[in-house]
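J.: Right, I'll just put the structure down here and ask away after.
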Amino acid sequence: MTYRSLKECIGDLEASGQLVRIEQEVDPNLEAAEIHRRVHRAEGPAIHYVRVKNSPFSMVSNLFGTIDRARYIFRDTLEDVRRLVELKLDVGAFWRRPMRYLKTPFTALHTQPRRVRNGPVLQKTTTIDQLPQLVSWPDDGGAFITLPQVYTEDVVQRGLAHSNLGMYRIQISGGEYDVNREIGMHYQLHRGIGVHHATAIEAGVPLKVNVFVGGPPAMNLAAVMPLPEGLSELRFAGALAGRRTRMITRGDRLPICADADFCISGYVVPDKTLPEGPFGDHLGYYSLQHDFPVMRVEQVYHRQGAIWPFTVVGRPPQEDTIFGQLIHELTGPIIPTVIPGVKAVHAVDATGVHPLLLAIGSERYVPFNKTARPAELLTQASAILGSGQLSLAKYLWITDDCGDTRLDIHEIDQFLMHILRRVDWCRDLHFQTCTTIDTLDYSSKVLNEGSKVVVAAVGRAVRELPTVVPDDLKLPEGLFAPHSPLPGVLVVQVSCDPDGKDLAKVVATHSGDGLLAGFPLVVVVDDSQFASESLRNFLWSTFTRSNPATDIYGFGSFVRDKHWGCEGSLVIDARTKSHHAPPLIENQEITRRVDRLAAQGGPLHGIL
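Under numbering that gives the first Met the number 0, the first residue of the sequence shown carries the number 0, and numbering increases by one thereafter.
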């Protein structure tokens, strides 16, 4: 089944037992988000909030809360889109297996947006303050749209073919915004809207913007797809929806998605920014308040019976994790065609996606000289870190598969152990400093600026990894509470100031220059017990809270020809620093309120 509207999708999920209705009034200020988080954590159903406090519109969330439900929503088109991708990679496959691709030409036809003169979205109008005022975390700076589809066009080359549909959070209350007339638009580095905004500034004209909310579920996935620059997301949305995307085009007006539930129309105010945020974000911390563009609201349209969809982000895994899984299923085969020699890339969700990339590459150019020294692998690493949003990564661990086809980038612990058995810290670390990182990452003191490190290792294993902490382990003075979350990794605490350079002194004064108790990697954390309780905790603690250039040390470290390395264990300082953003903590009164909904007779009884 394919859906023409969000309402059709909700009805189908309810009929199939995959949606729960909450008839009691729900407050969009913290309560709705807490319900969503709890139900998502329980791998529960989608949630329809029928009565929303201070708004005439109902809300829905957790539509994509499990991978099985996401596949169910797109069950009639996912395979067709995969086969379209296959033909893009190998056109000749059509002639070798024509029966497999019989429906593919029709899928391709759906990629062409359809121009219409009217649509349900224009049936009614409202104002910003009547929309559900969703606040997800206690210290958020106001209400936000968390599933927006932000549509813009190149101001020089107008038209659907030169459009961008992206998901950039929108702040609709709080701060210094003029109520009902201004909203905040937060977009990050390497986002398509930035190119359109720059072109508009150069041309001296305002950038027109339409923010769609709701509509066919395919539009949400299209808005987060990492498509090549210049390829319209509307084309992908049509293929995934199983029908052409209907866009209302009238005169000089910016096109509007005819089947959206809401559309906020306006333009980016030239030469004006206002403080946006804070906002509880997908790294598990707040992104802090910074100046971002302002959108002047000209009109707010909505269809009859419009429903407001939302999601909640926070420490992974959250609902956006499912988006990432779907995207990988659809686009994973493309990676080897985009970056020659690279077989697979995995952005690790447990770290918030951008902090850590894992990759499998190839060493092909000198097959007769197996020196176990990375060569082509470093070229591939540079290509990965120069590719779109992958360029925002801080840590890239890359290896070849050594002919072992069982090596899997999604088996994260095994992958890290594979490299730790082979890595030579004297040679295999490659830093980039004063470069771009994710806007939401506060491990650096400067917004958008930080560092990267490539860990590249190949060849045969050179060491066995210790699996337990020795009872007689003698740590350098100041280090304590050792634990091992996985073989080859030691996490410890330290008594010195996290903002000072005392850790460097601890490492520098260590009498031995070899591997500390045989562990090639030592990570200093705030709570070693927490960091060692699970792989998820270890990944989150280590890679979200460290900035490679300032937080990596090593026993027996040296600088040779401007190359940094160490002869002993590598040390990552992953403690919380004073410039880091605070972590997300839920409001306990709201938690108790949601507990009552889960009690006997409540709408969430049996789910939570």
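Backbone N, C-alpha and C fix where the C-beta goes; we use that ideal spot for every residue, glycine too.
These numbers come from a predicted model, not from an experiment.
Could you compute how far the alpha carbon of G283 sits from the alpha carbon of L355?
T.: Distance between the alpha carbons of G283 and L355: 15 Å.
J.: Could you please give me the residues that DSSP links to F291 through a beta bridge?
T.: Looking at the DSSP assignment, F291 forms a beta bridge with L273.
J.: Beta carbon of V299, beta carbon of V210: below 7 Å?
T.: No, these two residues do not count as a Cβ contact at 7 Å.
J.: For A14, count neighbouring C-beta atoms within 10 Å of its own C-beta (all shown protein chains included) and say buried if the count is 16 or more, exposed if not.
T.: With fewer than 16 Cβ atoms within 10 Å of its Cβ, A14 is classed as exposed.
J.: So if DSSP puts P308 in a beta bridge, which residue, or which two residues, is it bridged to?
T.: P308 pairs with V59.
J.: Do you know offhand how far A573's Cα is from D251's?
T.: Distance between the alpha carbons of A573 and D251 is about 52 Å.
J.: Of all the options I263, R113, G118, which has the alpha carbon lying nearest to the alpha carbon of R611?
T.: Given a span of 0 to 607 for the chain in the structure shown, any question on residue 611 remains unanswerable.
J.: With a floor of 3 residues, list each beta strand (DSSP E) that falls wholly inside the region 140–213, ordered by position along the chain.
T.: For the region 140–213, whole beta strand (DSSP E) runs of length 3 or above, ordered along the chain, are 148–152, 162–165, 181–184, 206–212.
J.: Quick one: what's V134 bridged to in DSSP?
T.: V134 is bridged to N28.
J.: Residues in its own chain within less than 7 Å of H604 by CB, not counting five upstream and five downstream?
T.: For H604, where only same-chain residues beyond five positions count, the Cβ hits under 7 Å are A597, A598.
J.: Taking the runs of the beta strand (DSSP E) that are 3 residues or longer, which of them lie wholly in the region 432–481?
T.: Complete beta strand (DSSP E) runs here, min 3: 448–455.
J.: Determine the DSSP secondary structure at M98, reduced to helix, strand or coil.
T.: M98 falls in the helix class under three-state DSSP.
J.: How many angstroms separate the CA atom of L464 from the CA atom of L472?
T.: Between L464 and L472, the C-alpha separation is close to 16 Å.
J.: Check each candidate in V422, G387, K393 and name the one with the smallest Cα separation from D399.
T.: The candidate whose alpha carbon is nearest that of D399 is V422.
J.: If you reduce the DSSP assignment to three classes, tell me which class A580 lands in.
T.: Three-state DSSP puts A580 in coil, outside helix and strand.
J.: Looking only at C-alpha atoms, which of P335, G351, E410, N53 sits nearest to Q379?
T.: The residue with the shortest Cα to Cα distance from Q379 is P335.
J.: Would you call the region 310–329 and the region 343–362 touching, i.e. three or more CB-CB distances under 8 Å?
T.: In short, these stretches touch, since the Cβ pair count reaches three.
J.: Using 8 Å for Cβ pairs, my map puts L159 next to L233. What's the rounded Cβ distance?
T.: Right, the Cβ-Cβ distance comes to about 6 Å (below 8 Å), so this counts as a contact.
J.: In three-state terms, what does DSSP make of T404?
T.: In this structure, T404 counts as coil in the three-state DSSP scheme.
J.: I'd like to confirm the pairing. Which residues does DSSP put opposite H327 in its beta bridges?
T.: H327 is not bridged to any residue.
J.: Assuming S568 is part of the alpha helix (DSSP H), what are its boundary residues?
T.: No alpha helix (DSSP H) contains S568, which DSSP labels as neither H nor E.
J.: Going by C-alpha distance, which of M218, S286, A45, G191 is nearest Q388?
T.: Nearest of M218, S286, A45, G191 to Q388, Cα basis: G191.
J.: Look at the alpha carbon of D138 and the alpha carbon of C401, and state the distance between them as a whole number of angstroms.
T.: Computed Cα separation, rounded: 48 Å.
J.: Is DSSP giving L538 helix, strand or coil here?
T.: DSSP places L538 in helix when its eight states are reduced to three.
J.: For the alpha helix (DSSP H) that Q528 lies in, which residues bound it at each end?
T.: It spans 527–531 - the alpha helix (DSSP H) in which Q528 sits, taken as one unbroken run.
J.: Assuming contact is defined by CB atoms lying nearer than 7 Å, are C495 and L502 in contact in what I supplied?
T.: Against a cut-off of 7 Å, the Cβ pair of L502 and C495 comes out as a contact.
J.: Inspect the CB distances between the region 428–448 and the region 534–552 and report whether three or more fall short of 8 Å.
T.: Cβ pair count under 8 Å is three or more, so yes.
J.: Take M184 as the anchor and find which of V155, A507, H289 has the nearest alpha-carbon.
T.: Out of V155, A507, H289, H289 has the C-alpha closest to the C-alpha of M184.
J.: For the beta strand (DSSP E) holding Y364, just list the boundary residues, first then last.
T.: Per DSSP, Y364 belongs to no beta strand (DSSP E) and is neither H nor E.
J.: Count the other CB atoms, across all protein chains shown, that sit within 10 Å of the CB of C262; report buried if there are 16 or more and exposed otherwise.
T.: It counts as buried.
J.: With DSSP collapsed to three states, give me the class of H281.
T.: Of the three classes helix, strand and coil, the one that applies to H281 here is coil, per DSSP.
J.: Please identify the residue among G567, H482, T466, V467 whose C-alpha is closest to the C-alpha of T508.
T.: Considering only alpha carbons, the answer is G567.
J.: Could you check which residue in V341, Q431, S390 has the C-alpha nearest to that of I397?
T.: I397 has its Cα closest to that of V341, out of V341, Q431, S390.
J.: For the candidate residues P373, E476, D280, A392, whose alpha-carbon lies nearest to that of R459?
T.: When only C-alpha atoms are compared, the closest one is P373.
J.: To the nearest angstrom, report how far apart S135 and L164 are at their CA atoms.
T.: Roughly 24 Å separates the two Cα atoms.
J.: In whole angstroms, what is the alpha-carbon distance linking S533 and H482?
T.: Their Cα atoms are separated by approximately 11 Å.
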